[in-house]
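Last residue of the sequence shown: 475 (the working numbering), numbering continuous.
Even for Gly, the Cβ is constructed at its ideal location relative to N, Cα and C.
Below is one structure; the comments refer to it alone.
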Amino acid sequence: MLYFQRNAQKFGESQAILSDSQTYTYTSLIDRSEKVAGTLLGKQTDLHQSPVAYMVEPGFCYVSSQWGIWLAGGIAVPVALAHPLESIKYILQDTGAKKFICSKSYLPLLSEYCQEAGISLYLWDDMVDSPSHLLPDVSLDRGAMILYTSGTTSLPKGVLSTHLGIESQIKSLVEAWRYSANDHTLCVLPLHHIHGIINVISATLYVGGKVEFLAQFSAEEIFARFKQGALNVFMAVPTIYFKLIAYLESLTDKEREELKVCMKAFRLMISGSAALPVSVMEKWEALSGQRLLERYGMTEIGMAISNPYEGERKAGHVGMPLPGVQVRLVDEENQLVFDQPGEIQIKGPTVFKEYWGKENATREAFTTDGWFKTGDVAELANGYYRILGRNSTDIIKSGGYKLSALEIEEVLRTHNSVEDCSVVGLADEEWGEIVAAVVVLKEGQVSSDELNTFMRSKMPAYRVPRKYLFLSELPRNAMGKVTKNDLKVLFT
Ligand code: MLC
Ligand code: AMP
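The structure is reproduced here in structure tokens:
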């Protein structure tokens, strides 16, 4: 029996999930997940690690879909709610998923394509079949989840984690951050990424805690929930803390003080997925009485480095290796370095299995002795790691989302009027980085508004350039490579 099912049975009538104004116990969660599994299986006895996509609202519906896929022996492929059909098609084609669970609101978007592509589309509300036979015995080494991540290739890659990898990630966090059955956390993050899926939901449910859901980010709604006084754990990306600070600053002294009392009582608040500016950490501490715990992670490796739960949480630093995670720094020749910056490499059971269907990319991502190459550069000072940047200008982190400049360029180049283009990330206090595009046009004119509309039909809004600059040619070095650092300066 898989860990989540075993634990859920143990926690029985305790509350697991608060969503859509209802409370769900562990027993009801496991019952509903078994029904999802039974419907997916139909006459089959095991999905044998076939990928199943799901696109449902955060909450009971989401977790029971994910668990249902796992109970049926499938691989869970969460689809982002904000993605246009083009991006969804890519994920379906890349995974080869032939089953897709959705909630009512996504039927109009999906039905026609799924029918054309021979994909069975299940409406979550209708998945009420009890399993007519025993559910398969799923071993820990099986594939569990594929999450799509952008990187230094033009198309996103599917990161396949096994159940063992996921359980190892959870156990490491539970030990380091002391999750317990008394935890009551608020999930405000999108659920196609590891931060919300593992750190917020899976680890809390692993220990019998309670997860409350917000359909989408809203500072006002978050503080309304804080005020109710039940929550005691909160995790978010730096942009969210930035937005919450802006909201707090718009309140009266009395309102702010009232919220500070609520926030001070929390057991833990964490920031991650992007660098936490020291200014944000300090302002948050002054406004909430909470010293944020900053940690470092990545889809391929789970969480790897963290400031301590007890002990100094050092601003501008990400801390030390988490339990079970091996960390090392290497130079460009892959030689270990200790007193100078180097690339972070990671080894351990939390590391992913492979990029789905991409053997070469998987091989290239690891050293010959099995260390995963993160591409992030750090230094170690007084026992604390500090992230200094990345070894590629083609990766942009905006609001905690990782974006590939190459992917955005590729799409922009498909516009009829675009001759060439180059995409860069510009430093920004609120978003970490924002996407900017330099465009060389063919003959004729096109406005940035037109380009914007075009891009939004092709990719989620958060990947679309916020700024455009038109040039007659792109600056290149002697090797013919666009000098992106020169381009960034043009926007200042
Ligand atoms: C929204 N917008 C963004 C954006 N999010 N632009 C750039 N980058 C982003 N991340 C744009 C929208 O398109 C919109 O533009 C405008 O900002 C307002 O949109 P919104 O939907 O109202 O924004 P908001 O709800 O405020 O969203 C901001 C946010 C969201 C910070 C809540 O981006 C978010 O949830 N980020 C978290 C991502 C995450 O979970 N990352 C973890 C990856 S895992 P317009 O023009 O349409 O109005 C990982 C590993 C690890 O990194 O270590 O954890
Ligand atoms: P993703 O590929 O979306 O999982 O994002 C992982 C990347 O986010 C890492 O490779 C880092 O570049 C970045 N990241 C995560 N946490 C931090 C942090 N605390 N500080 C700086 N960068 C971070």
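I'd like the list of long-range same chain contacts for residue i, defined as Cβ closer than 7 Å, with 5 residues on each side in sequence excluded.
| i | result |
| --- | --- |
| Thr555 | Nothing in the structure corresponds to residue 555, since the chain is present only between -16 and 475. |
| Arg278 | Ile253, Gly255, Met286, Ile288, Ser289, Asn290, Val301 and Gly302 |
| Val308 | Ser155, Ala287, Ile329, Gly331 and Thr333 |
| Gln(-8) | Ile13 |
| Pro304 | Ala287, Ile288 and Val310 |
Give me the DSSP bridge partner(s) of residue i.
| i | result |
| --- | --- |
| Lys380 | Lys385 |
| Tyr37 | Pro61 and Ile84 |
| Thr168 | Val194 and Val216 |
| Tyr7 | Ile0 |
| Cys404 | Val422 |
| Arg373 | Asp359 |
| Gly325 | Ala361 |
Taking the alpha-carbon positions, what's the residue i to residue j distance?
| i | j | result |
| --- | --- | --- |
| Val465 | Cys404 | 10 Å |
| Ser440 | Glu69 | 8 Å |
| Leu270 | Lys297 | 18 Å |
| Ala80 | Ile129 | 11 Å |
| Ser476 | Leu386 | Summary: the structure shown does not reach residue 476, with the chain confined to residues -16 through 475, and so no result is reported for it. |
| Val142 | Met442 | 20 Å |
| Ile284 | Thr351 | 17 Å |
| Tyr45 | Gly101 | 23 Å |
| Phe(-13) | Ala388 | 37 Å |
| Val244 | Phe206 | 12 Å |
| Phe200 | Leu106 | 25 Å |
| Thr103 | Val447 | One detail in the question is off: residue 103 reads as Ser in this sequence, not Thr. Each residue's alpha carbon lies about 31 Å from the other. |
| Tyr(-11) | Ser88 | The sequence given here has Arg at residue -11, not Tyr. Looking at the two C-alpha atoms, the distance is approximately 32 Å. |
| Asp77 | Gly325 | 33 Å |
| Gly126 | Gln211 | 39 Å |
| Glu456 | Lys140 | 31 Å |
| Tyr292 | Ala159 | 7 Å |
| Phe43 | Gln49 | 10 Å |
Determine the extent of the alpha helix (DSSP H) in which residue i is found, giving its start and end residues.
| i | result |
| --- | --- |
| Phe225 | Pro221 to Glu232 |
| Ser70 | Leu68 to Thr78 |
| Phe437 | Ser431 to Lys441 |
| Leu470 | Lys467 to Leu473 |
| Leu270 | Val261 to Ser271 |
Counting only the same chain and skipping the five closest in sequence on each side, list residues whose C-beta sits under 6 Å from that of residue i.
| i | result |
| --- | --- |
| Arg15 | Ser47 |
| Leu123 | His146 and Leu147 |
| Gln152 | Ile181, Gly285 and Thr333 |
Hey, is residue i's beta-carbon within less than 8 Å of any beta-carbon in chain E?
| i | result |
| --- | --- |
| Cys404 | Considering every chain present, this structure includes no chain E. It has just one protein chain. |
The beta strand (DSSP E) spanning residue i covers which residue range?
| i | result |
| --- | --- |
| Val557 | The chain is shown only over -16 to 475; residue 557 falls outside these bounds and no answer can be derived. |
| Thr132 | Gly126 to Thr132 |
| Ala186 | Unbroken run through Ala186 is the alpha helix (DSSP H), Ala186 to Tyr189; no beta strand (DSSP E). |
| Tyr105 | Ser103 to Leu106 |
| Ala287 | Gly285 to Ser289 |
| Arg239 | That residue, Arg239, is in no beta strand (DSSP E); its alpha helix (DSSP H) goes Asp236 to Lys247. |
| Val310 | Gln309 to Val313 |
Note down, in chain order, each residue of its chain lying with its Cβ closer than 8 Å to the Cβ of residue i, except the 5 sequence neighbours on either side.
| i | result |
| --- | --- |
| Ser137 | Ser387, Leu389, Glu390, Glu392 and Glu393 |
| Cys170 | Pro41, Gly179, Val183, Ile184, Val194, Glu195, Phe196 and Leu197 |
State whether the stretch 215 to 230 contacts the stretch 251 to 270, with contact taken as three or more CB pairs (one from each stretch) at a distance under 8 Å.
-> yes
Cβ pair count under 8 Å reaching 3, the stretch 340 to 360 against the stretch 271 to 278 | no
Counting pairs of Cβ atoms below 8 Å between the stretch 359 to 371 and the stretch 163 to 177, do you hit three or more?
-> At 8 Å Cβ cutoff, the stretches do not touch.
At a cut of 8 Å, does the stretch 230 to 239 reach the stretch 182 to 198 through at least three beta carbon pairs?
-> no
Pair every Cβ in the stretch 449 to 459 with every Cβ in the stretch 416 to 425, then say whether three or more of these pairs are closer than 8 Å.
-> Judged by Cβ distances under 8 Å, the stretch 449 to 459 makes contact with the stretch 416 to 425, as three or more pairs qualify.
Please confirm if the stretch 20 to 27 is in contact with the stretch 59 to 79, defined as three or more CB-CB distances below 8 Å between the two stretches.
-> no
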